[in-house]
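As they're listed, the protein sequences go chains R and V.
Once you know that position 331 of the first sequence is 360 in my numbering, the rest is easy, because the numbers rise by one and skip nothing.
Once you know that position 430 of the second sequence is 954 in my numbering, the rest is easy, because the numbers rise by one and skip nothing.
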Amino acid sequence: MRNVDIIIIGGGPAGLAAAVSAYESGCRDILILEREEKLGGILKQCIHNGFGLKMFHEELTGPEYAKKYIDKVIAYGIPYECDTMVIGISDDKTVTAVNRVNGVQVFKAKAVVLAMGCRERPRGALAIPGYRCSGIYTAGTAQRLVNLEGIMPGKKVLILGSGDIGLIMARRMTFMGAQVLACVELMPYSSGLKRNIVQCLDDFGIPLLLNHTVVDIKGRERLEGAVVAEVDPETKKPIPGTEQCFDCDTLLLSVGLIPENELTKMAGVKLGESTKGAEVDESLETSADGIFSCGNVLHVHDLVDFVSKEAEKAGANAYRYVKGDMKKTGGGVEVKNGYGVSGTVPQFIHPESMDEPVNFMFRPKGVYKNAEICVEAGGQRIYSRKSRILSPGEMVNVQLSPEVFKQVPCIEDVTVKVEA
Amino acid sequence: MFDVIIIGGGVIGCTTARNLARYDLNVALLEKASDICEGQSKANTAIVHGGYDAKPHTLKAKYNVTGNGMFDKVCSELDVPLKWNTSLVAAFSESGIPKLEELKHQGEVNGVHGLSIIGRDEIIRREPNISRSVCAALLVTNGGIVCPYELTIANAENAAENGVRFYRNAPVTKVEKDGGQWRVQSGAGTFTSRAVINCAGLYSDVINNMVSENKFHIKPRRGEYYIIDKSYAGTFNASIFQLPTKMGKGILVTPTVDGTLLVGPTAEDIDDRDDTRTTSGGLAKALKFGSATWEHIPMRDVITTFAGIRAHCDRDDFVIGEAQDAPLFFNAGGVESPGLTSSPAIGEYLADSAAEKLGAKAKKNFNPIRKSIPKFREMTDRERAQAIASDQDYAKIVCRCETVTEAEIRASIRRPVGARTIDGIKRRTRTGMGRCQAGFCTPATIKILCEELGISPLEVTKFGGKSKMLDRYLFDKGGGNHA
């Protein structure tokens, strides 16, 4: 058993930023545990640009963005173990990990930062009918194959779902000589960023079929085609007679990301219904004492910049916890999702003891034009701003200073909502 | 020349192979697919049936009851996961109770012990998550669950260890009598033998009808299923059936030995025996009927769906034994449910019959013991440390959802009748069977398969044939990073 002040599970963007921030707050006993061979997480395979505009005011590729943090980890001498899988964690912050060099290791941490990221929803979870042939990949797996292994999965591609990775892969596969036939989206709007729709589909003349889905998979061995049908926007049921078959050898799925919270559950941490991540307070501490969560394992972000920002907070607060410097008491005040709002993080705040700004992040439940984003506390409106367009594909960020809450006496709950 | 050729590498063929390996016989098994366990044996409900359901005095009844009684021994010798979790046949209206009584009586005629009818309170005490509309149930204490692929593969491995030769990618195109021997043409060449055992499952009629005038016909029947995430393990303890219909045992909800839950199967007669598609109609039906047992099936935690085809025979029973008009040609035809349960008994019977006709003696050095690949996910931390100390590949977890290590994947390829495809690795180790459905582990699994077999990633298939995983290198081979 080895004692460590802060163990960070995951060496992707969240884990790296948490480690750097914990170090910069003064912590000198940090350990990052990363399951892959190298630090950087999913950024390693995101070779497109568009990262870092918020954090660094420049446009970076994924690996360049990761390198900014990896360089700091190395410069600070923060220890990390790659090729290391955490296989156990308990609520008393005992962490069990395995790797080839050290075998089974057991650590006792004073604080833990969960930064395991997320996974993609697979075909099986969608119950798409048809054959179980080869040629069906999640967009992220295809991205890894193309960008890290240098192997193309196929020649003629259909994309189901318009999540950002799917959109990015539409462009990437086109660049690499594949024919991308269409991007098919069940909802009446894309779940990806507007800029990705423009730069990855529109610029290449790839049609985006909204209110459509795949209703049959053809091909007993390798994929030979996918039947696409229009759906009723209300019921989401395919409309008979609208079927069209796309001849393709590859189907990429970009139909949602799921936070990887297996370890979180193992630690006995309470999970939120709508985010599928841990419930946290403004310090990003979970229901388990001294266990913090940040990045895509907490809730799925659109931009890595916001992951880093969130993780910096988690890292710094983990060190405050280690030092016994946390001022909050009790479970805090609940933050409720009001009209048009889903998955607000944090789920709890401590208005009394808060000493730094709190970031409310959420996803609108639908598309709202010229709507108002409001925060209410103790029955009073404490914040509002107009927004030209809100959509589930773009996460909303509301930053509020502690002073705003201190003006309201006796806060029993806080509600974040949309007024359309 | 072989003494015996077995056609078909499903659970019946592989069990028969293992039982023939007990004799001093030269045995070959021909499988048309790229791997054993690619047909019915991979896609079924994975239940060891009690034996109450089959009509009395049928072969289904006989082999079900006998086979059930052999499972403890077989699974212990072959190190295959087996759990006697009991079965319940639930009635959701009072009108079903007389039918439960009939089933109980039928089971008793078949020789099944330990059947009883239990009331609502007792059912709910045992199964707190069952629909509250349940009225009564037949409790089947000798009902169990087993891993059907591990059972099939374990039989094959043990058979191979004891000298049986396995030929995969060997579809049989012709079986004919040539003087005193059988000549079997296959995709892997022409073989001759003294005896042939037809364990061809969905194609058992085709093989039989090549040599016997006593013809039968398979009427393929498709069943569709959902698999629910293992985070729901413990939601149901028993395998919960609904009252059977003429199409089969109805849609059930059952735990698997791996902790996931199955909901299904539907029963739909189809024309094409390879039509393993899932359909929106079938899945909707499985959900609708499954919901009678499990009211709020968590669709958000469905990890995958699949379809299996049952080799339903127009004789409505198994066809077992030597063909009357074709000496030394033995059938295991029309083996559908309860085929998995019957497999130890059918395999033993066929092997013993063939051996007797061939005048074979018992092999002195037959080793009935097969050990499974040690599973990292089932080890204690101490065992894990030991496993890593003896093989560092145990420290590399490739499939994070099912916690499968590189050592297990390599072993699955190196073993007798080892994996040659991505699906082959999956069935031998559970790699890619978890909730991410191989999203993360596919590139790593491909890499390991290539290293072990000395092939290019472009040659790797999901399950043989044209099921190639990848299309082309983007750069000159060796120029890119193939890590």
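Glycine is no exception: its CB is placed at the ideal position from the N, C-alpha and C atoms.
As the structure is a prediction and not an experimental result, all values here were calculated from the model.
Residue range of the unbroken alpha helix (DSSP H) whose run includes residue i
{"i": "D596 of chain V", "result": "583 to 602"}
{"i": "L544 of chain V", "result": "535 to 544"}
Beta carbon proximity, residue i to chain V, threshold 8 Å
{"i": "Y109 of chain R", "result": "no"}
{"i": "V443 of chain R", "result": "no"}
{"i": "L174 of chain R", "result": "yes"}
{"i": "R249 of chain R", "result": "yes"}
{"i": "M30 of chain R", "result": "no"}
{"i": "V244 of chain R", "result": "yes"}
{"i": "I180 of chain R", "result": "yes"}
{"i": "L143 of chain R", "result": "no"}
Boundaries of the beta strand (DSSP E) in which residue i is found, first to last residue
{"i": "S611 of chain V", "result": "611 to 615"}
{"i": "G832 of chain V", "result": "826 to 837"}
{"i": "S640 of chain V", "result": "639 to 643"}
{"i": "H629 of chain V", "result": "Where H629 of chain V is concerned, there is no enclosing beta strand (DSSP E), although the alpha helix (DSSP H) it sits in stretches over 621 to 634."}
{"i": "C147 of chain R", "result": "147 to 149"}
{"i": "P35 of chain R", "result": "The sequence given here places Ile at residue 35 of chain R; Pro does not occur at that position. Taken as a continuous stretch (DSSP letters only), the beta strand (DSSP E) holding I35 of chain R covers 31 to 38."}
{"i": "V370 of chain R", "result": "370 to 374"}
{"i": "L864 of chain V", "result": "Note, L864 of chain V: premise wrong, no beta strand (DSSP E); alpha helix (DSSP H) at 863 to 882."}
{"i": "A684 of chain V", "result": "Note, A684 of chain V: premise wrong, no beta strand (DSSP E); alpha helix (DSSP H) at 672 to 685."}
C-beta neighbour in chain R for residue i, strict 8 Å
{"i": "M993 of chain V", "result": "yes"}
{"i": "P789 of chain V", "result": "no"}
{"i": "G1004 of chain V", "result": "Confidence at G1004 of chain V is low in this model, with a pLDDT of 46, below 50, so its placement is unreliable and the value that follows should be read with caution. It does; some Cβ of chain R falls within 8 Å."}
{"i": "A913 of chain V", "result": "yes"}
{"i": "C599 of chain V", "result": "no"}
{"i": "S804 of chain V", "result": "yes"}
{"i": "T966 of chain V", "result": "yes"}
{"i": "F526 of chain V", "result": "no"}
{"i": "Q766 of chain V", "result": "no"}
{"i": "C538 of chain V", "result": "no"}
{"i": "Y997 of chain V", "result": "yes"}
Beta-carbon proximity check, residue i vs residue j, cutoff 8 Å
{"i": "E846 of chain V", "j": "F854 of chain V", "result": "yes"}
{"i": "V735 of chain V", "j": "V699 of chain V", "result": "yes"}
{"i": "P868 of chain V", "j": "G591 of chain V", "result": "yes"}
{"i": "I37 of chain R", "j": "V142 of chain R", "result": "yes"}
{"i": "G186 of chain R", "j": "L210 of chain R", "result": "It should be pointed out that residue 186 of chain R corresponds to Val in this sequence rather than to Gly. Closer than 8 Å, so yes."}
{"i": "S420 of chain R", "j": "Y218 of chain R", "result": "yes"}
{"i": "M198 of chain R", "j": "L281 of chain R", "result": "yes"}
{"i": "I246 of chain R", "j": "Y160 of chain R", "result": "yes"}
{"i": "C561 of chain V", "j": "R906 of chain V", "result": "no"}
{"i": "I921 of chain V", "j": "V133 of chain R", "result": "no"}
{"i": "H328 of chain R", "j": "V374 of chain R", "result": "yes"}
{"i": "T966 of chain V", "j": "N588 of chain V", "result": "no"}
{"i": "V928 of chain V", "j": "R954 of chain V", "result": "yes"}
Residue i: CB within 7 Å of a non-hydrogen atom of the ligand FAD
{"i": "G667 of chain V", "result": "Because no ligand of any kind appears in the structure shown, any question about the ligand FAD cannot be addressed here."}
Contact set for residue i: own chain, Cβ-Cβ below 8 Å, skip 5 residues either direction
{"i": "G1004 of chain V", "result": "Below a pLDDT of 50, predicted positions are generally treated as unreliable, and G1004 of chain V, at 46, falls in that range; the measurement from the model is reported next regardless. Cβ neighbours of G1004 of chain V beyond the five flanking positions: Y997, L998."}
{"i": "D876 of chain V", "result": "N543"}
{"i": "I794 of chain V", "result": "P744, R745, R746, I833"}
{"i": "D796 of chain V", "result": "P744"}
Cβ-based neighbour list, residue i, same chain, cut-off 7 Å, excluding 5 preceding and 5 following
{"i": "G55 of chain R", "result": "Y348"}
Beta-carbon contacts of residue i that lie in its chain and below 6 Å, excluding the five residues immediately before and after
{"i": "H1006 of chain V", "result": "No answer about H1006 of chain V holds up, because its pLDDT of 46 lies below 50 and its placement is not dependable."}
{"i": "Y105 of chain R", "result": "Y52"}
{"i": "A879 of chain V", "result": "Y547"}
{"i": "Y350 of chain R", "result": "A140, G319"}
{"i": "R901 of chain V", "result": "T927"}
{"i": "Y749 of chain V", "result": "L786, G788, P789, F830"}
{"i": "I529 of chain V", "result": "A552, V708, F715, S717, V720"}
Taking only beta carbons into account, state which residues of the segment 188 to 203 of chain R come closer than 7 Å to chain V, listed in chain order.
-> Under the 7 Å Cβ criterion, the segment 188 to 203 of chain R contributes no residue.
Check distances from the C-beta atoms of the segment 156 to 170 of chain R to those of chain V and list, in chain order, the residues that come in under 9 Å.
-> Taking 9 Å as the Cβ-Cβ cut-off, the segment 156 to 170 of chain R approaches chain V at A156, I157, P158, G159, Y160, R161, C162, S163, G164, Y166, T167, G169, T170, given in chain order.
Contacting positions in the segment 116 to 139 of chain R - beta carbon closer than 9 Å to chain V = Of all residues in the segment 116 to 139 of chain R, I116, G117, T125, V127, N128, R129, V130, N131, G132, V133, V135 have a Cβ within less than 9 Å of some Cβ in chain V.
Identify each residue in the segment 352 to 367 of chain R for which the Cβ-Cβ distance to at least one residue of chain V is less than 7 Å, and report them in chain order.
-> Listed by position, the residues of the segment 352 to 367 of chain R near chain V (Cβ gap below 7 Å) amount to none.
Please name the residues in the segment 275 to 295 of chain R whose beta-carbon is closer than 7 Å to at least one beta-carbon of chain V, in chain order.
-> Taking 7 Å as the upper bound on Cβ-Cβ separation, chain V lies near no residue of the segment 275 to 295 of chain R.
Note down, in chain order, all residues in the segment 54 to 87 of chain R with a beta-carbon under 9 Å from any beta-carbon belonging to chain V.
-> Residues passing the 9 Å Cβ filter: R64, E66.
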